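Each protein sequence line maps, in turn, to chains A and B. Sequential numbering of the first sequence, starting at 12, is according to my numbering. Sequential numbering of the second sequence, starting at 46, is according to my numbering.
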Amino acid sequence: EAQVTQNPRYLITVTGKKLTVTCSQNMNHEYMSWYRQDPGLGLRQIYYSMNVEVTDKGDVPEGYKVSRKEKRNFPLILESPSPNQTSLYFCASSLSLNTGELFFGEGSRLTVL
Amino acid sequence: KNQVEQSPQSLIILEGKNCTLQCNYTVSPFSNLRWYKQDTGRGPVSLTIMTFSENTKSNGRYTATLDADTKQSSLHITASQLSDSASYICVVSALTGGGNKLTFGTGTQLKVEL
């Protein structure tokens, strides 16, 4: 089954404790991206990757890091989480943004205390 | 600045009724426009993708229209069902030098009641 898998789905952590949210897709997609969703603000792009070893900042990259060492994986790293990073995070992938569908994961709800 | 505005912000309709959601955009250069359905707490799921040359596209009871001249799109839902209760997100793609850049609307929250 074609899917984008995120882990963990739910996480409560404390300020400053490094964490990684993993994202994996099984569709051999070149494009992958991370979004955060906050009430009233919609989905905002954090980082995206057009292919292996190619990553670029989205609209709200501050406080986040990513890496793309393999085509299927695109982890999101919070080196020193802060309460304003409490949000619902989505990973997505696509074969091509020209006409290809963008597949989203089920989301990871992160709470930073 | 590229922007996507959706209206109404929220909508309540009775089961079996039709409804239309609106999306206005100022994204350029335009590449494509997408409508997504997002159930509460779940990831968005694609309904339609429309390119510049497409005026109408259907997916079951969902029909999207696109007027590239006025930069407007609508999503029409026919014979609504309780399961249509969700947020509907309009996403417009701009073709930039670095590839496609997506701009998301904040969504229309639809509630279908008995």
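We put the CB at the ideal spot given by N, CA and C, even for glycine. Keep in mind that this is a model prediction, so the values were computed, not measured.
Name the residue from the options whose alpha carbon lies nearest to the alpha carbon of residue i.
| i | options | result |
| --- | --- | --- |
| methionine 43 of chain A | A:Phe101, A:Asn95 and A:Ser93 | A:Phe101 |
| glutamine 96 of chain A | A:Asp67, A:Tyr46 and A:Glu112 | A:Tyr46 |
| leucine 59 of chain B | B:Ser98, B:Asp129, B:Ser73 and B:Phe75 | B:Asp129 |
| valine 157 of chain B | B:Ile57, B:Leu120 and B:Glu99 | B:Ile57 |
| glutamate 12 of chain A | A:Thr31, A:Val25, A:Asn39 and A:Gly27 | A:Asn39 |
| asparagine 47 of chain B | B:Ser76, B:Phe97 and B:Thr93 | B:Ser76 |
| leucine 147 of chain B | B:Gly88, B:Gln67 and B:Ile134 | B:Ile134 |
| proline 89 of chain B | A:Thr122, A:Glu117, A:Val123 and A:Leu124 | A:Glu117 |
| arginine 20 of chain A | A:Leu108, A:Pro92, A:Val71 and A:Leu99 | A:Leu99 |
| alanine 139 of chain B | B:Gly61, B:Pro53, B:Cys64 and B:Phe97 | B:Phe97 |
| cysteine 34 of chain A | A:Leu124, A:Pro86 and A:Ser104 | A:Pro86 |
| leucine 159 of chain B | B:Gln54, B:Pro53, B:Lys62 and B:Ser119 | B:Lys62 |
| glutamate 41 of chain A | A:Gln48, A:Phe114, A:Gln56 and A:Val123 | A:Phe114 |
| cysteine 68 of chain B | B:Thr101, B:Leu120, B:Ile94 and B:Asp114 | B:Leu120 |
| glutamine 154 of chain B | A:Ile23, A:Lys28 and A:Gly51 | A:Gly51 |
| alanine 103 of chain A | A:Gly74, A:Leu89, A:Gln48 and A:Glu90 | A:Gln48 |
| valine 72 of chain B | B:Thr93, B:Asp84, B:Gln117 and B:Leu92 | B:Gln117 |
| threonine 93 of chain B | B:Arg87, B:Arg106, B:Gln54 and B:Tyr81 | B:Tyr81 |
Grab the span of the beta strand (DSSP E) containing residue i for me, first residue to last.
| i | result |
| --- | --- |
| glutamate 158 of chain B | 153-158 |
| histidine 121 of chain B | 117-122 |
| phenylalanine 149 of chain B | 144-149 |
| phenylalanine 101 of chain A | 98-105 |
| asparagine 39 of chain A | That residue, asparagine 39 of chain A, is in no beta strand (DSSP E); it is neither H nor E in DSSP. |
| arginine 106 of chain B | Unbroken run through arginine 106 of chain B: none, as it is neither H nor E. |
| glycine 53 of chain A | 53-62 |
| glutamine 14 of chain A | From DSSP, glutamine 14 of chain A is part of no beta strand (DSSP E); its letter is neither H nor E. |
| tyrosine 75 of chain A | No beta strand (DSSP E) contains tyrosine 75 of chain A, which DSSP labels as neither H nor E. |
| lysine 68 of chain A | 65-68 |
| valine 123 of chain A | 119-123 |
| threonine 110 of chain A | Here threonine 110 of chain A belongs to no beta strand (DSSP E), and DSSP marks it neither H nor E. |
Quick one: list the residues of chain A neighbouring residue i, beta-carbon separation under 8 Å, in chain order.
| i | result |
| --- | --- |
| serine 218 of chain B | Outside the shown range of chain B, which is 46 to 159, sits residue 218 of chain B, and nothing can be said about it. |
| glycine 152 of chain B | Gly53 |
| threonine 96 of chain B | Thr110 |
Is there a Cβ from chain A that is less than 7 Å from the Cβ of residue i?
| i | result |
| --- | --- |
| phenylalanine 149 of chain B | yes |
| asparagine 145 of chain B | yes |
| serine 138 of chain B | yes |
So is residue i in contact with chain B if we call contact Cβ pairs under 7 Å?
| i | result |
| --- | --- |
| methionine 61 of chain A | yes |
| phenylalanine 85 of chain A | no |
| glutamate 112 of chain A | yes |
| glycine 69 of chain A | no |
| leucine 22 of chain A | no |
| leucine 121 of chain A | no |
| glycine 118 of chain A | yes |
Determine which residues share a DSSP beta bridge with residue i and list them.
| i | result |
| --- | --- |
| glutamate 50 of chain B | B:Asn69 |
| methionine 95 of chain B | B:Leu78 |
| alanine 139 of chain B | B:Phe75 and B:Lys146 |
| aspartate 114 of chain B | Paired residue(s): none; aspartate 114 of chain B is not in a bridge. |
| aspartate 49 of chain A | A:Gly53 |
| serine 132 of chain B | B:Gln83 and B:Gln154 |
| phenylalanine 85 of chain A | DSSP, once it has assigned bridges, lists no residue as partnering phenylalanine 85 of chain A. |
Along chain A, in chain order, which residues have C-beta atoms closer than 7 Å to that of residue i?
| i | result |
| --- | --- |
| asparagine 100 of chain B | Ordered by position in chain A, no residue passes the 7 Å Cβ test against asparagine 100 of chain B, which lies about 16 Å from the chain. |
What residues of chain B sit near residue i, judged by a beta carbon separation below 8 Å?
| i | result |
| --- | --- |
| glutamate 41 of chain A | Those within 8 Å of glutamate 41 of chain A in chain B number zero; the least Cβ separation is about 10 Å. |
| glutamine 36 of chain A | What glutamine 36 of chain A touches in chain B: nothing, since even the nearest Cβ is about 12 Å away. |
List, in chain order, every chain B residue whose beta-carbon is nearer than 7 Å to that of residue i.
| i | result |
| --- | --- |
| phenylalanine 115 of chain A | Gly88 and Pro89 |
| glutamine 14 of chain A | Those within 7 Å of glutamine 14 of chain A in chain B number zero; the least Cβ separation is about 10 Å. |
List the residues of chain B that residue i touches, going by C-beta distances under 9 Å, in chain order.
| i | result |
| --- | --- |
| glutamine 96 of chain A | In chain order: nothing, as chain B lies at least about 19 Å away. |
Taking only beta-carbon positions, decide if residue i is within less than 7 Å of chain E.
| i | result |
| --- | --- |
| leucine 56 of chain B | Protein chains in the displayed structure are A and B, and chain E is not among them. |
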